[in-house]
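Student: From first to last, the protein sequence lines stand for chains W and P.
Under the numbering used here, the first residue of the first sequence is numbered 35, with each subsequent residue one higher.
Under the numbering used here, the first residue of the second sequence is numbered 5, with each subsequent residue one higher.
All residues carry an ideal CB built from backbone N, CA and C; glycine is no exception.
Quick one: structure below, then a few questions.
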Amino acid sequence: MNFTVVNREIYVGNIKVTGVATSSVFLIGDSEVITCSSTFDTPPESLVIGAITPLPGEDEKDADDKDAGKE
Amino acid sequence: MQEKNKRISDVSNIKVQSVNSSSVLQVGDSYKLKPFSRALAVQREVAIFLGDEGNFNYNTFKEEIPLPEHESEETVKTTFINELETIKTENVYILSLAASSIFHVGSTEIIESEARIKHFRQLLKDDKS
Chain W
35 MNFTVVNREI YVGNIKVTGV ATSSVFLIGD SEVITCSSTF DTPPESLVIG AITPLPGEDE
95 KDADDKDAGK E
Chain P
5 MQEKNKRISD VSNIKVQSVN SSSVLQVGDS YKLKPFSRAL AVQREVAIFL GDEGNFNYNT
65 FKEEIPLPEH ESEETVKTTF INELETIKTE NVYILSLAAS SIFHVGSTEI IESEARIKHF
125 RQLLKDDKS
């Protein structure tokens with residue numbers, strides 16, 4: 035199959051962007067391949083009501099066990 | 005020298021307030037951009053944050069992110085005809101570029117961005133209603 039793209043004139047006056055969000059692209063130009071991927075996890079157990087406790091530190095290996103509901 | 009099939013980007017004014025967490029503001033051509041960021045987003049009713057807490061040992065940061073696959077039986081031959089050599093823009097204002105995001109003026113070949121965020125919310129009481 036043949037696919038032909040004809041790019042004619044592009045003239046943009048003003049662009050106002052509040053935020054280019056996580057893992058996204060704002061491109062003024064040409065490109066070949068763009069792959070944007072992101073994971074965003076807000077599980078119910080991320081909400082903890084009660085005493086404010088520190089998150090498990092770097093040495094703790096059981097983080098996955100607490101990450102219930104995944105896998 | 006201008007590469008074949010790549011146009012020139014012409015922007016008069018750029019104002020970007022904030023670029024953070026592995027974001028890219030690129031002016032000029034590039035070949036490959038591959039930003040990667042990981043974040044633990046912690047919201048607490050009481051603003052107590054210790055510097056050394058938390059780790060990335062969660063599935064969110066380990067699991068493979070699936071990409072859509074295309075299984076086309078026929079190959080597509082794509083041709084670009086650029087009637088004008090420039091993409092003209094006057095003014096660009098961006099408030100912020102978040103994790104692993106890109107603002108690129110100019111042409112590029114490959115962009116592969118990845119961001120992984122896990123949220124935590126810690127509240128004191130349940131009787132806020």
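#1: Quick check on E94/P - is its C-beta less than 9 Å from some C-beta in chain W?
#2: Rank I121/P, I115/P, Q126/P by C-alpha distance to the C-alpha of D64/W and give the top, closest one.
#3: From the beta carbon of N24/P, is the nearest beta carbon of chain W less than 9 Å away?
#4: Nearest chain W C-beta to H74/P closer than 9 Å, yes or no?
#5: Per DSSP, what kind of secondary structure is F53/P in: helix, strand or coil?
#6: May I ask you to report which of helix, strand or coil DSSP gives E89/P?
#7: What whole-angstrom Cβ distance do V51/W and L99/P have, given they're in contact under 8 Å?
#8: Can you list, in chain order, the residues of its chain with a C-beta nearer than 6 Å to that of S34/P? Leave out the 5 residues immediately preceding and following it.
#9: Going by Cα to Cα distance, which pick from V40/W, T87/W, P90/W, T69/W is closest to E73/P?
#10: What are the boundary residues of the beta strand (DSSP E) that N61/P is part of?
#11: Count the other CB atoms within 10 Å of the CB of Q126/P; is the residue buried (16 or more) or exposed (fewer)?
#12: Any C-beta of chain P within less than 7 Å: which residues of the region 66-90 of chain W qualify?
#13: List the residues of chain W that Q126/P touches, going by C-beta distances under 7 Å, in chain order.
#14: Strictly below 9 Å CB to CB, what residues from chain W border E87/P?
#15: According to DSSP, simplified to helix, strand and coil, what is S22/P?
Tutor: In brief:
#1: yes
#2: Among I121/P, I115/P, Q126/P, the Cα nearest to that of D64/W is on I115/P.
#3: no
#4: Residue-level contact by beta carbon fails for H74/P and chain W, as no gap is shorter than 9 Å.
#5: coil
#6: coil
#7: 7 Å
#8: T112
#9: T69/W
#10: Segment: none, N61/P is in no beta strand (DSSP E) and carries neither H nor E.
#11: buried
#12: E66, V67, I68, T69, C70, S71, S72, T73, F74, D75, T76, S80, L81, V82, I83, I86, P88, L89, P90
#13: V82, I86
#14: V40, N41, R42, E43
#15: strand
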